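A.B. asks: Read the sequence shown against the UniProt record's numbering and you will find it ends at 237, with the numbers running on by one and no gaps.
I'd like to ask some things about the structure below.
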Amino acid sequence: MNGRRGPARLCSHLHAQALHYLLFAYRGGQALRRRPTPGGPHWPAFGLAGEEIALTVDDGPHPRWTPPLLDLLDRHGVRATFFLIGDRVRERPDLARQVQAAGHLIGNHSMSHPQPFAALTRHELRTQIEHTQREIEDAVGVTPRLFRAPGGNWSPTVLRTTAALGLTPVDWTVNPSDWRSPGVPRIVRTLSRTRPGQIVLCHDGGGDRSQTIAALAEVLPRLTARGLRFVTVADQR
């Protein structure tokens, strides 16, 4: 790292962290709105245009957690949007094919999930996204149309890069922080508050996801009993 590169990297990192906290506050406001912002090519979708809800699943595929999650979703007739990590697709393309074969939508979640994502250079951002596109295409024969930034760490450069590659940016409204493993009751409480038009964030990779699966086993029938219908994010495009 040369003398100029070091300070530039530090500034990018600090800027990305500031954006992270601003977006955290913005998501809080979205969760309180009657209708979250659907978004578009130059702004992430925080919600859906219709009355349905969308379950999104990040950080897979994972050999321990993806198969039981797929079984659970199948039992309840739920279609979800899986944002896959390129490195994990390369390791287990068979799992990506299982997700596809089960009728779920696949999106791009970067190649290696670097954080803070917005601190990467334009070239690094493009490489992360393009390589993941190729891994998913090779595994399932379908080109993703959706992108979710790792950690939801958006910036003008991330959004411009996403748009230049023909992808729609997708964020979320409901976040149970299941990646922290806060306990099944807490995940259940947060997910149970899901309202029409909201996008729900869960995970099937990046750690022990037994709490996520146990919580969803409780919540999915509750939400469908309320008359909420699950759709993939693309169903609203």
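Every residue, glycine too, gets a C-beta built ideally from N, C-alpha and C.
Everything numeric in this text was worked out from a predicted model, so none of it was measured.
#1: Keeping to the same chain, check which residues put their C-beta closer than 8 Å to that of Leu159; ignore five residues upstream and five downstream.
#2: Which stretch, first to last residue, makes up the beta strand (DSSP E) that contains Ile106?
#3: Can the beta-carbon of Pro116 be found closer than 8 Å to that of His20?
#4: By Cβ distance, which residues of its chain are closer than 7 Å to residue 321, with the 5 residues on each side in sequence left out?
#5: Taking the alpha helix (DSSP H) that Gly141 falls in, what are its first and last residues?
#6: Which residues in the same chain have their Cβ closer than 7 Å to the Cβ of residue 238, if we skip the five residues on either side of it in sequence?
#7: Cα separation between Leu191 and Asp71?
#8: Would the beta-carbon of Gln17 fall within 8 Å of that of Thr173?
#9: Confirm, please, whether the CB-CB distance from Phe230 to Leu55 is below 8 Å.
#10: Compute the Euclidean distance between the alpha carbons of Arg9 and Ala118, then round it to the nearest angstrom.
#11: Quick check on the DSSP output: the alpha helix (DSSP H) that includes Ile213 runs from which residue to which?
#12: With burial defined as no fewer than 16 other Cβ atoms inside 10 Å of the residue's Cβ, what is the status of Thr194: buried or exposed?
#13: With Ile187 as the anchor, note down where its beta strand (DSSP E) starts and where it stops.
#14: Along the chain, where does the beta strand (DSSP E) that runs through Thr81 open and close?
#15: Okay, do the region 46 to 54 and the region 144 to 163 touch, 3+ Cβ pairs below 8 Å being the bar?
C.D. replies: Once the coordinates are examined:
#1: Same-chain partners within the cutoff: His42, Trp43, Pro44 and Pro169.
#2: Leu105 to Asn108
#3: yes
#4: In this structure the chain extends from 1 to 237, so residue 321 is not present and cannot be described.
#5: Taken as a continuous stretch (DSSP letters only), Gly141 belongs to no alpha helix (DSSP H), as it is neither H nor E.
#6: Here the chain has residues from 1 to 237 only, and residue 238 is not among them.
#7: 19 Å
#8: In this structure, Thr173 does not lie closer than 8 Å to Gln17 by Cβ.
#9: Taking 8 Å as the Cβ cut-off, Leu55 and Phe230 qualify as a contacting pair.
#10: If you take the alpha carbons of Arg9 and Ala118, they lie about 11 Å apart.
#11: Ser210 to Ala225
#12: buried
#13: Ile187 -> not in any beta strand (DSSP E); alpha helix (DSSP H) instead, spanning Val184 to Ser192.
#14: Thr81 to Leu84
#15: A contact is defined here as three or more CB-CB pairs under 8 Å, and the region 46 to 54 fails this definition with respect to the region 144 to 163.
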